[in-house]
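Reading through the structure tokens given below for one structure.
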Amino acid sequence: MELGKIVGNVVATRKNERLKGYKLLVAEYITPNCELKGAHVVGVDLVDAGVGDIVLIVRGSSARTAEGMTDKPVDGSIVAVVDTIEYKGNITYKKRNTKK
Amino acid sequence: MELGKIVGNVVATRKNERLKGYKLLVAEYITPNCELKGAHVVGVDLVDAGVGDIVLIVRGSSARTAEGMTDKPVDGSIVAVVDTIEYKGNITYKKRNTKK
Amino acid sequence: MELGKIVGNVVATRKNERLKGYKLLVAEYITPNCELKGAHVVGVDLVDAGVGDIVLIVRGSSARTAEGMTDKPVDGSIVAVVDTIEYKGNITYKKRNTKK
Amino acid sequence: MELGKIVGNVVATRKNERLKGYKLLVAEYITPNCELKGAHVVGVDLVDAGVGDIVLIVRGSSARTAEGMTDKPVDGSIVAVVDTIEYKGNITYKKRNTKK
Amino acid sequence: MELGKIVGNVVATRKNERLKGYKLLVAEYITPNCELKGAHVVGVDLVDAGVGDIVLIVRGSSARTAEGMTDKPVDGSIVAVVDTIEYKGNITYKKRNTKK
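Protein chains in written order, with numbering that gives the first Met the number 0: chain A, 0 to 99; chain B, 0 to 99; chain C, 0 to 99; chain D, 0 to 99; chain E, 0 to 99.
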């Protein structure tokens with residue numbers, strides 16, 4: 000999996016039938032130090048993520064292993080909202096408490 | 000998935016039997032700011048896309064998950080025509096209304 | 000899929016049993032303008048391609064979707080010989096008629 | 000597979016149901032000379048690896064071939080803790096004996 | 000597939016159960032001119048390759064298509080020892096006869 004930050008979203012009305020109903024988020028890849036890497040992916044949101052969240056992104060066929068997704072034309076999924084990243088002995092990211 | 004812009008097409012008469020009947024489009028990858036990235040992919044068109052459209056591209060085995068495509072030698076599919084991209088708080092792309 | 004040009008071939012006697020009987024071609028990736036990109040792949044030839052042909056290359060598990068290839072250790076296949084490429088409004092490639 | 004060094008971990012409470020129970024490690028890719036490459040992956044730990052260990056990382060659908068993982072949304076797994084790397088005639092890495 | 004040169008090996012005692020019994024080789028990717036590319040992969044040896052051999056490397060799920068490997072956590076396999084490479088009209092590699 001890769002670390003990323005949610006930086007936007009994509010809306011598409013005309014799309015493959017099997018893609019309907021999914022929220023499509025734009026994530027930018029980040030280093031474990033939370034530096035933006037300038038490369039992006041559009042992923043299906045499986046965890047109700049929002050702009051600013053640090054997330055885990057799964058690519059390839061593994062993006063279709065969540066329940067009900069086996070036959071979806073999806074090669075990127077947001078599968079977790081990250082609470083903390085520990086990198087080289089430091090906590091480089093800690094999610095702020097947010098009400099929901 | 001990746002964002003791309005349709006910039007051309009490919010015609011091939013001599014091809015694997017299972018590839019017959021599909022329209023092959025050339026897409027150039029773009030950033031969420033709609034900047035062309037200079038890298039391209041040839042994808043099977045699943046959404047009647049045309050030159051100039053901003054689209055979503057699926058790669059790998061997921062390009063074969065649309066109906067009837069399981070056994071096709073295809074690793075790239077155009078699965079959506081994008082209406083809007085929202086990126087870092089701005090609408091960076093909005094499809095113009097087009098009659099069809 | 001990716002565009003490529005056939006630039007050579009590979010012969011290997013000692014190989015996995017399931018790889019036997021396939022012609023292995025070296026393709027160099029090209030841009031839609033037919034510029035060589037300097038990166039290569041060895042693909043199984045499924046369309047009787049030859050040196051100089053512009054082709055479509057499928058990578059990953061999709062390279063095994065042609066008939067009889069499901070269990071072959073192959074991650075690259077040449078699945079089409081390209082007739083024309085249209086790119087940004089120009090015909091950037093047109094196959095010359097060749098007897099066969 | 001790729002060589003990597005464990006350099007951290009990721010904790011995520013809100014995640015896809017099928018991802019629960021796995022330890023998520025941050026690995027940095029290394030050369031066979033054990034030089035850090037500056038690129039990272041988050042992998043599921045299948046071998047009780049720890050920070051500082053040199054490991055083998057499997058990506059893609061193969062990261063789901065370990066027992067019980069077929070339907071997990073995982074595209075990176077830590078599948079081995081490396082004892083020695085021999086590279087161009089030299090032992091470039093040798094694991095120190097550690098009690099466990 | 001990709002061309003590579005065997006440049007070393009990896010030994011790992013603590014590994015996923017399903018990875019046991021395989022020889023793990025380090026291959027460095029090469030151009031069709033046999034220039035080393037500085038990038039490496041660790042692959043399972045399926046053809047009794049040795050240091051110095053020029054080989055074909057299969058990545059991804061296709062690395063698991065050889066007999067008995069379907070459920071192995073392997074994303075790279077050495078599937079052929081190359082005899083000759085012909086590239087742009089020249090023989091750029093020819094295996095020396097070796098007794099075995």
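Ideal placement from N, C-alpha and C gives every residue a C-beta, glycine not left out.
>> I believe Thr91 of chain A touches Asn32 of chain A by the beta-carbon criterion, under 8 Å. Please report the beta-carbon distance rounded to the nearest angstrom.
In response: The count along the first sequence starts at 1 and reaches residue 91 of chain A at position 92. The count along the first sequence starts at 1 and reaches residue 32 of chain A at position 33. Sure, about 5 Å apart at Cβ, within 8 Å.
>> Considering just the uninterrupted stretch of the beta strand (DSSP E) at Gly7 of chain D, what are its terminal residues?
In response: Residue 7 of chain D sits at position 8 when you count from the first residue of the fourth sequence. 1–10 is the span of the beta strand (DSSP E), which, as asked, contains Gly7 of chain D.
> To the nearest angstrom, how far is it from the Cα of Val10 of chain A to the Cα of Glu1 of chain B?
Replying inline: Here the question's residue 10 of chain A lines up with position 11 in the first sequence. Here the question's residue 1 of chain B lines up with position 2 in the second sequence. One C-alpha to the other measures close to 13 Å.
> Taking the continuous beta strand (DSSP E) assigned at Ala26 of chain D, which residues delimit it?
Replying inline: Position 27 of the fourth sequence holds residue 26 of chain D. Where Ala26 of chain D is concerned, the enclosing beta strand (DSSP E) stretches over 23–29.
>> Classify Thr12 of chain E: buried if its beta carbon has 16 or more other beta carbons within 10 angstroms, exposed otherwise.
In response: As a working mapping, residue 12 of chain E is identified with position 13 in the fifth sequence. By the neighbour-count rule (16 or more Cβ atoms within 10 Å), Thr12 of chain E is not buried but exposed.
>> With a threshold of 8 Å between beta-carbons, can Gly59 of chain B be considered close to chain A, or not?
In response: The residue labelled residue 59 of chain B in the question sits at position 60 within the second sequence. Closer than 8 Å: yes.
>> Using a Cβ distance threshold of 8 Å, determine whether the segment 78–89 of chain A contacts the segment 50–70 of chain A, with at least three qualifying pairs required.
In response: yes
> Considering Gly67 of chain B, what are the terminal residues of the beta strand (DSSP E) in which it resides?
Replying inline: Working through the second sequence from its first residue, we reach residue 67 of chain B at position 68. Run containing Gly67 of chain B: none; DSSP gives neither H nor E here.
> Ile84 of chain D and Val50 of chain D: beta carbons closer than 8 Å?
Replying inline: Residue mapping note: residue 84 of chain D aligns to position 85 of the fourth sequence, counting from 1. Residue mapping note: residue 50 of chain D aligns to position 51 of the fourth sequence, counting from 1. For Ile84 of chain D and Val50 of chain D, no; Cβs fall outside 8 Å.
>> On the CB-based measure, 16 or more other CB atoms within 10 Å of its CB, does Asn15 of chain D come out buried or exposed?
In response: Counted from its first residue, the fourth sequence places residue 15 of chain D at position 16. Buried, by the Cβ-count rule.
> For the segment 71–99 of chain C, which residues have a CB atom closer than 7 Å to at least one CB atom of chain B, in sequence order?
Replying inline: Ser76, Val78, Ala79, Val80, Val81, Asp82, Thr83, Ile84, Glu85, Tyr86, Lys87
>> I'd like the span of the beta strand (DSSP E) that includes Glu16 of chain A, first residue to last.
In response: In the first sequence, the residue the question calls residue 16 of chain A occupies position 17. It is not in any beta strand (DSSP E) - Glu16 of chain A carries neither H nor E in the DSSP assignment.
> Can you pull the DSSP bridge partners for Arg58 of chain C?
Replying inline: Here the question's residue 58 of chain C lines up with position 59 in the third sequence. BP columns for Arg58 of chain C point to C:Gly75.
>> For a quick check, are the C-beta atoms of Thr64 of chain D and Lys71 of chain E less than 8 Å apart?
In response: Indexing the fourth sequence from 1 puts residue 64 of chain D at position 65. Indexing the fifth sequence from 1 puts residue 71 of chain E at position 72. Against a cut-off of 8 Å, the Cβ pair of Lys71 of chain E and Thr64 of chain D comes out as a contact.
> Cα separation between Ala38 of chain A and Leu24 of chain A?
Replying inline: Taking the first residue of the first sequence as 1, we reach residue 38 of chain A at position 39. Taking the first residue of the first sequence as 1, we reach residue 24 of chain A at position 25. Rounded to whole angstroms, Ala38 of chain A to Leu24 of chain A spans 14 Å at the Cα level.
>> For a contact defined as C-beta to C-beta under 8 Å, what are the partners of Lys36 of chain A on chain B?
In response: Counted from its first residue, the first sequence places residue 36 of chain A at position 37. The premise fails here: Lys36 of chain A is roughly 12 Å from chain B at the closest Cβ pair, so nothing lies under 8 Å.
> Can you list the residues of chain C that Glu1 of chain E reaches, using a CB-CB cut of under 9 Å?
Replying inline: On the fifth sequence, residue 1 of chain E is found 2 positions in, with the first residue counted as 1. Under the 9 Å cutoff, chain C gives His39, Val40, Val41, Asp74, Gly75.
> How would you label Arg95 of chain E, buried or exposed, when you count the other beta carbons within 10 angstroms and need 16 or more for buried?
Replying inline: Here the question's residue 95 of chain E lines up with position 96 in the fifth sequence. Its Cβ having fewer than 16 others within 10 Å, Arg95 of chain E is exposed.
> Using a beta-carbon distance cut-off of less than 8 Å, what residues from the segment 2–32 of chain B approach chain A?
Replying inline: Leu2, Thr30, Pro31
>> Taking 8 Å as the limit between beta carbons, can you name the residues of its chain near Ala48 of chain E, skipping five residues before and five after?
In response: Residue 48 of chain E sits at position 49 when you count from the first residue of the fifth sequence. If we look at Ala48 of chain E and ignore the five residues flanking it on each side, its Cβ neighbours are Ile5, Leu24, Val54, Ile77, Val80.
>> Output needed for Asp74 of chain C: all residues of its chain with C-beta closer than 7 Å, excluding positions within five of it in sequence on either side, in chain order.
In response: Stepping through the third sequence from its first residue, residue 74 of chain C is reached at position 75. Taken in chain order, the residues that qualify are Arg58, Gly59, Ala62.
> Can you name, in chain order, every residue of its own chain whose Cβ lies under 6 Å from the Cβ of Asp44 of chain D, other than the five neighbours on each side?
Replying inline: Taking the fourth sequence and counting its residues from 1, the one referred to as residue 44 of chain D is at position 45. Around Asp44 of chain D: Lys22, Leu24, Ile77.
>> I'd like the list of long-range same chain contacts for Gly42 of chain B, defined as Cβ closer than 7 Å, with 5 residues on each side in sequence excluded.
In response: As a first step, residue 42 of chain B must be located in the second sequence, where it is residue number 43. These residues qualify, in order along the chain: Leu24, Ala26, Ile56, Gly75, Ser76, Ile77.
> Assuming Gly3 of chain D and Val40 of chain D make a contact with CB atoms under 8 Å, what is their CB distance in whole Å?
Replying inline: In the fourth sequence, the residue the question calls residue 3 of chain D occupies position 4. In the fourth sequence, the residue the question calls residue 40 of chain D occupies position 41. Correct: roughly 7 Å between the Cβ atoms.
> In angstroms, rounded to a whole number, what distance separates the CA positions of Gly67 of chain E and Gly20 of chain E?
Replying inline: The residue given as residue 67 of chain E occupies position 68 in the fifth sequence. The residue given as residue 20 of chain E occupies position 21 in the fifth sequence. Those two C-alpha atoms are separated by around 12 Å.
> Among residues of its own chain, excluding the 5 on either side of Asp82 of chain B, which ones have a beta-carbon nearer than 8 Å to its beta-carbon?
Replying inline: In the second sequence, the residue the question calls residue 82 of chain B occupies position 83. Around Asp82 of chain B: Lys93, Lys94.
> So what does DSSP say about Asp44 of chain E, is it helix, strand or coil?
Replying inline: Translated into the one-based positions of the fifth sequence, residue 44 of chain E becomes position 45. Three-state DSSP puts Asp44 of chain E in a strand.
> Which residues mark the beginning and the end of the beta strand (DSSP E) in which Glu108 of chain D is found?
Replying inline: Any property of residue 108 of chain D remains undetermined from this structure, which presents chain D solely from 0 to 99.
> So Tyr86 of chain D packs on Gly7 of chain E, CB below 8 Å; how close in whole Å?
Replying inline: Translated into the one-based positions of the fourth sequence, residue 86 of chain D becomes position 87. Translated into the one-based positions of the fifth sequence, residue 7 of chain E becomes position 8. At roughly 4 Å, the Cβ-Cβ gap stays under 8 Å, so Tyr86 of chain D and Gly7 of chain E are in contact.
> So which residues on chain E does Val50 of chain D lean against when the C-beta distance must stay under 9 Å?
Replying inline: Numbered from 1 along the fourth sequence, position 51 holds the residue referred to as residue 50 of chain D. Neighbours of Val50 of chain D on chain E: none; closest Cβ ~15 Å, over 9 Å.
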